[in-house]
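Numbering of the sequence shown is given in my numbering, commencing with residue 131 and proceeding in unit increments.
What follows is one structure encoded as structure tokens, with my remarks underneath.
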Amino acid sequence: MKVLKRLLIALLIMVLLAGALVAGAYFYVKNTYGIDVFKTIGQLKTLGREVDEAELCPNAFSESDMASVDDEINASVDGFISYTEENGYKVNFDDLPSEMKTVIKLTDKQVGAVADTVVRQEMNGEVEIADKKVPVKLLQVAFGDIDESGNADFNVVVRLDLKPLTADVDEGAKRFVGKYLPEFLYVSSTVRVTRGAGFEFAVAHKTLTLNNLSAKDTEEFLGTLDKLMGIGTAQTLNETIGNTVLSSLIGSETQNGLAYSLKNIGATGYTFATENGVNYFEVLR
131 MKVLKRLLIA LLIMVLLAGA LVAGAYFYVK NTYGIDVFKT IGQLKTLGRE VDEAELCPNA
191 FSESDMASVD DEINASVDGF ISYTEENGYK VNFDDLPSEM KTVIKLTDKQ VGAVADTVVR
251 QEMNGEVEIA DKKVPVKLLQ VAFGDIDESG NADFNVVVRL DLKPLTADVD EGAKRFVGKY
311 LPEFLYVSST VRVTRGAGFE FAVAHKTLTL NNLSAKDTEE FLGTLDKLMG IGTAQTLNET
371 IGNTVLSSLI GSETQNGLAY SLKNIGATGY TFATENGVNY FEVLR
């Protein structure tokens, strides 16, 4: 009986010591890095759950939407969009006719389809995050809350391949979160787009969510990853994704995009507008 009692006391001491070590490690990480380990573990578990793409992207675009883009754009700019069975759709930035005939109006699904084509064609299907080229797949675009000036809330859902971001992280960070991260992250990015003169635009962070996380948990989790891996905050990631997709639509002197590329044949700018209850992205002339 005495032996059993001593054994139980020894086990209790070991449990208490283990608990003290865990608590000590928790408070050390919390105080040193500002990271709540237990909360981060819970967020990682949520991230690891399977994502239902159909539920996440109820307004996803498809190849049929790109076919309607072909009809709409080529009616104004003959031959700007082409298609072959071997290579699919292509935007012919270097082979323009002499005139843009009419204003181009695209719905959100059409915008998603053409943006996906341009991002793959002109940006190699990548977005730059933390100085690394990260493969990105566009899944859905939606825009709304359009005001009289043509400013709009712009949402895009993308799938990011995390391998370039996790490949070079230090072993400590990899042990803590790297091995628990899913291979892909689904990112729902919403920015406010403010029009400038001509083809100018600016984006401002609104909301960002990852997989099944809430916006608040997403912001906290990305804050943790930024401290461990230097990938940037929720705001910087959101604005990076928003700028990338909008650059494919609007463009500039340094980036091929739908609207700016038509400047020399009659395009004067772009806007977001609502007509008969339908939201459009328009290239103006």
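For glycine and all other residues, C-beta sits at the position ideal for the given N, C-alpha and C.
How many Å lie between residue 396 and residue 405 at the Cα?
Position 266 of the sequence shown holds residue 396. Position 275 of the sequence shown holds residue 405. Distance between the alpha carbons of residue 396 and residue 405 is about 23 Å.
Completely contained beta strand (DSSP E) runs for the stretch 322-381, where each covers 3 or more residues:
331-340
In the DSSP assignment, find the unbroken alpha helix (DSSP H) run with residue 217 in it and report its ends.
Position 87 of the sequence shown, counted from the start, is the residue given in the question as residue 217. Per DSSP, residue 217 belongs to no alpha helix (DSSP H) and is neither H nor E.
Residue 270: first and last residue of the uninterrupted beta strand (DSSP E) it sits in
In the sequence shown, counting from the first residue as 1, residue 270 sits at position 140. Looking at the DSSP string, the run of the beta strand (DSSP E) that includes residue 270 is 262-274.
C-alpha gap between residue 156 and residue 389, whole angstroms:
One-based indexing of the sequence shown puts residue 156 at position 26. One-based indexing of the sequence shown puts residue 389 at position 259. Legend: pLDDT at residue 156 = 46, less than 50; position of this residue unreliable, value from coordinates given subsequently. Approximately 52 Å, taken between the alpha carbons.
From what residue to what residue does the alpha helix (DSSP H) around residue 296 run?
In the sequence shown, counting from the first residue as 1, residue 296 sits at position 166. Looking at the DSSP string, the run of the alpha helix (DSSP H) that includes residue 296 is 293-296.
By the three-class DSSP mapping on this structure, what secondary structure does residue 223 have?
To locate residue 223, count along the sequence shown from 1; it is residue 93. Looking at residue 223 - three-state DSSP - the assignment turns out to be coil, as it is neither helix nor strand.
Best match in 341, 270, 272, 296 for proximity to residue 355 [C-alpha to C-alpha]
If you number the sequence shown from 1, residue 355 lands on position 225. For residue 355, the nearest C-alpha among the options comes from 296.
Compare the C-alpha of residue 320 against each of 330, 292, 211, 288 and name the closest.
The sequence position of residue 320 within the sequence shown is 190, counting from 1. Closest option to residue 320, Cα to Cα, is 288.
Residue 362 to residue 258, Cα distance in whole Å?
Here residue 362 corresponds to residue number 232 of the sequence shown, with the count starting at 1. Here residue 258 corresponds to residue number 128 of the sequence shown, with the count starting at 1. Approximately 11 Å, taken between the alpha carbons.
Going by the beta-carbon positions, is the gap between residue 276 and residue 409 smaller than 8 Å?
The residue you call residue 276 lines up with position 146 of the sequence shown. The residue you call residue 409 lines up with position 279 of the sequence shown. Yes. Within cutoff.
Any contact of the stretch 230-250 with the stretch 258-270, i.e. 3+ C-beta pairs under 8 Å?
yes
Buried or exposed (CB count within 10 angstroms, at least 16 for buried), residue 254:
Counted from its first residue, the sequence shown places residue 254 at position 124. So residue 254 ends up on the exposed side.
Can you round the beta-carbon distance between residue 316 and residue 352 to whole angstroms, since I take them to be within the 8 Å contact cut?
Residue mapping note: residue 316 aligns to position 186 of the sequence shown, counting from 1. Residue mapping note: residue 352 aligns to position 222 of the sequence shown, counting from 1. 14 Å between Cβ atoms; not a contact.
If you compare alpha carbons, which of 366, 219, 381 is closest to residue 194?
Counting from 1 along the sequence shown, the entry for residue 194 is found at position 64. Looking at the Cα atoms, 219 is the closest of the given residues.
Inter-residue Cα distance where the pair is residue 152 and residue 358:
Position 22 of the sequence shown, counted from the first residue, corresponds to residue 152. Position 228 of the sequence shown, counted from the first residue, corresponds to residue 358. Because residue 152 sits at a pLDDT of 45, beneath the cut-off of 50, its placement in the model cannot be relied upon, and the following sentence gives the value as read from the coordinates. Answer to the nearest angstrom: the Cα atoms are 20 Å apart.
When DSSP builds the beta bridges, which residues end up paired with residue 403?
Looking up residue 403 in the sequence shown gives position 273. Partner(s): 410.
Beta-carbon proximity list for residue 158, same chain, < 6 Å, skipping 5 on both sides:
Taking the sequence shown and counting its residues from 1, the one referred to as residue 158 is at position 28. Only weak support is given to the placement of residue 158: the predicted model assigns it a pLDDT of 44, under 50, and the value that follows is read from those uncertain coordinates. Nothing meets the Cβ criterion.
Are the beta-carbon atoms of residue 379 and residue 411 separated by less than 8 Å?
Here residue 379 corresponds to residue number 249 of the sequence shown, with the count starting at 1. Here residue 411 corresponds to residue number 281 of the sequence shown, with the count starting at 1. Yes, these two residues count as a Cβ contact at 8 Å.
If we count the other Cβ atoms within 10 Å of its Cβ and call it buried at 16 or more, is residue 407 buried or exposed?
For the purposes of this step, residue 407 is taken as residue 277 along the sequence shown, with counting starting at 1. Exposed is the call here.
For the alpha helix (DSSP H) containing residue 186, name the first residue and the last one.
To locate residue 186, count along the sequence shown from 1; it is residue 56. Run containing residue 186: 183-186, per the alpha helix (DSSP H) assignment.
Excluding sequence positions up to five away, which residues of its chain have a Cβ less than 7 Å from the Cβ of residue 227?
To locate residue 227, count along the sequence shown from 1; it is residue 97. For residue 227, where only same-chain residues beyond five positions count, the Cβ hits under 7 Å are 207, 208, 209, 395.
Start and end residues, alpha helix (DSSP H) containing residue 239:
Translated into the one-based positions of the sequence shown, residue 239 becomes position 109. Element bounds for residue 239: 238-252.
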